[in-house]
Structure formats: structure tokens, C-alpha cells
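What follows is one structure encoded as C-alpha cells, with my remarks underneath.
Residue numbers (our numbering): 248 to 430.
Here it is, written out as C-alpha cells:
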């Protein structure tokens, strides 16, 4: 696997090697020893999956305190623009984001450490999105950072009127409201 440290410390793009043949291909998508050597120790405890249609924007979600989650995300069908926003208090990159296109064709993944809000926009007709997390879902600790907060400077691939959003995501809080009660 190829590990690429992105411009925000702790966020990695990981591209598995594929062995193609006439039947398709084989790839190792996670190898504990290699992951820990490159990224560090993370104990994943739950796998999640969502399926969404073109124009869906999910996020920007995170969990506070002891329920914070690190995530290893990938797309097994389609393409998404994946976004991670640094919410770590005292971080030199606080409030900055990285955006990476993840696709089933490339097989690339994104590792997002604890202390980040996360979301994605579906670019293909349908996308199947899978992620490993290192902490269980805790509704009492869940928060939503407003996807369209101008302070974040995220360039989403759709105009707000074209996005398919949940009510929770429409009502996310801007960074200046959340910043005093983060991690």
C-alpha cells in the first residue's frame, strides 16, 4: 500500500496495491501491522456502510469527548468528494480542511484521526461508502458542523440548492459557535 501524508498532520490517503488478472483484481485493503507502522495504533471496533445517490452531502459530523472517532473511509462503488475538517483545539491547522476524491476505481482510502469533522458529497450516480471507526456511535456526543460555513472555505461540487441534505445537516452549527465546546 502507498501511504500519503496530507497537508494536515494525521490525515492520510492510503492507496492499496491491486493485482489484476482476467477475472478482475485482488487487493489488501487493510493490514494492521503496516497501518500501525505508518499511521499509528488505532483499534477499529465497528464497520459502517451507507449508500447514497448523486448530489447527497452527508456531514460534517463528529463526536465529542470520550466518544470521538478516528475513521478509515473508502468507496466500494462510485465516487465521492471526502472532506475532513481539523477541530483539534490548539492545532496549527484548526478550522482547515482537506478534500480528496475517493473512488472505487482507484480504491484509495482516507484515514481521519480523532478531532476532525467528516463529510462527503456523492459525485457518481450512486456511491457505496464504507468506514471503520475506533469508537461506537454515541448519539449524546454527536455534533454537526455546518457544511456551508464560509469560515471553512469548502468548495462543494454542488450548489446548496442542488444538494440532498438531511435536516440534521441543514441545521449544523458554524465553527464560531462550536469552537468553545470541542475536544
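Note that the Cβ used here is the ideal one computed from N, Cα and C, for glycine as well.
- Message: Quick check on the burial criterion: 16 or more other C-beta atoms within 10 angstroms. Buried or exposed for residue 333?
- Response: Here residue 333 corresponds to residue number 86 of the chain shown, with the count starting at 1. Its Cβ being crowded by 16 or more others within 10 Å, residue 333 is buried.
- Task: Measure the CB-CB distance between residue 357 and residue 349 and report whether it falls below 8 Å.
- Result: For the purposes of this step, residue 357 is identified with residue 110 of the chain shown, where counting begins at 1. For the purposes of this step, residue 349 is identified with residue 102 of the chain shown, where counting begins at 1. With respect to residue 349, residue 357 sits close: the two C-beta atoms are nearer than 8 Å.
- Item | Spatial distance of residue 264 from residue 323 (CA atoms) | Within the chain shown, residue 264 is the residue found at index 17, counting from 1. Within the chain shown, residue 323 is the residue found at index 76, counting from 1. Rounded to whole angstroms, residue 264 to residue 323 spans 15 Å at the Cα level.
- residue 259, buried or exposed, once every other Cβ within 10 Å from all chains shown has been counted against 16: The residue given as residue 259 occupies position 12 in the chain shown. Buried is the call here.
- Task: Could you name the residues of the same chain whose beta carbon sits closer than 7 Å to that of residue 366, not counting the 5 residues immediately before and after it, in chain order?
- Result: Locating residue 366 in the chain shown gives position 119, counting from the first residue. So the list reads 304, 305, 306, 307, 308, 330, 394, once near-sequence residues are dropped.
- Since residue 390 contacts residue 425 with CB under 8 Å, what's their CB separation in whole angstroms? In the chain shown, the residue the question calls residue 390 occupies position 143. In the chain shown, the residue the question calls residue 425 occupies position 178. By a beta-carbon distance limit of 8 Å, residue 390 contacts residue 425. Their separation comes to about 7 Å.
- Message: Taking its Cβ as the centre, do 16 or more other Cβ atoms sit within 10 Å of residue 415, making it buried, or is it exposed?
- Response: By 1-based counting over the chain shown, the position of residue 415 is 168. Of the residues assessed, residue 415 falls on the exposed side of the cut-off, its CB having fewer than 16 other CB atoms within 10 angstroms.
- Meets three-Cβ-pair contact criterion under 8 Å: the segment 375-382 and the segment 279-297: Cβ pair count under 8 Å is three or more, so yes.
- Message: Give me the residue from 418, 387, 342 with the minimum Cα distance to residue 213.
- Response: Residue 213 cannot be examined here, being either before or after the span of the chain that is shown, 248 to 430.
- Item | Whole-number beta carbon distance between residue 423 and residue 398, since they are thought to touch under 8 Å | Walking along the chain shown from the start, residue 398 turns up at place 151. Walking along the chain shown from the start, residue 423 turns up at place 176. Yes, they are in contact, since the Cβ atoms of residue 398 and residue 423 sit about 7 Å apart, within 8 Å.
- May I have the straight-line CA-CA distance separating residue 359 from residue 290, to the nearest angstrom? Along the chain shown, one-based indexing puts residue 359 at 112. Along the chain shown, one-based indexing puts residue 290 at 43. Between the alpha carbons of residue 359 and residue 290 lies a gap of roughly 13 Å.
- Item | Collapsed DSSP secondary structure at residue 427 in the structure displayed | Numbered from 1 along the chain shown, position 180 holds the residue referred to as residue 427. Note: residue 427 maps to helix in three-state DSSP.
- Task: Return helix, strand or coil for residue 366, following the three-state DSSP convention.
- Result: Numbered from 1 along the chain shown, position 119 holds the residue referred to as residue 366. Reduced to three states, the DSSP call for residue 366 is strand.
- Take the Cβ of residue 315 as the centre, count every other Cβ of all protein chains shown within 10 Å, and call the residue buried at 16 or more, exposed below. In the chain shown, the residue the question calls residue 315 occupies position 68. Looking at its Cβ environment, which holds 16 or more other Cβ atoms inside 10 Å, residue 315 is buried.
- Message: Checking 8 Å against the spacing of the C-beta atoms, do residue 336 and residue 385 come in under that value?
- Response: Within the chain shown, numbered from 1, the residue matching residue 336 stands at position 89. Within the chain shown, numbered from 1, the residue matching residue 385 stands at position 138. No; because the gap between Cβ atoms is not below 8 Å, this pair is not in contact.
- Query: Could you check where the alpha helix (DSSP H) with residue 281 kicks off and where it finishes?
  - Reply: Sequence index remark: in the chain shown, residue 281 carries index 34 (1-based). Per DSSP, residue 281 belongs to the alpha helix (DSSP H) from 279-285.
- Query: With a Cβ-Cβ cutoff of 8 Å, do residue 269 and residue 326 count as a contact?
  - Reply: As a working note, residue 269 is residue 22 in the chain shown. As a working note, residue 326 is residue 79 in the chain shown. When the beta-carbon positions are compared, residue 269 and residue 326 stay at least 8 Å from each other.
- Between residue 281 and residue 248, is the Cβ-Cβ spacing less than 8 Å? In the chain shown, residue 281 corresponds to position 34, counting from 1. In the chain shown, residue 248 corresponds to position 1, counting from 1. Between residue 281 and residue 248, the C-beta gap is smaller than 8 Å, which places the two residues in contact.
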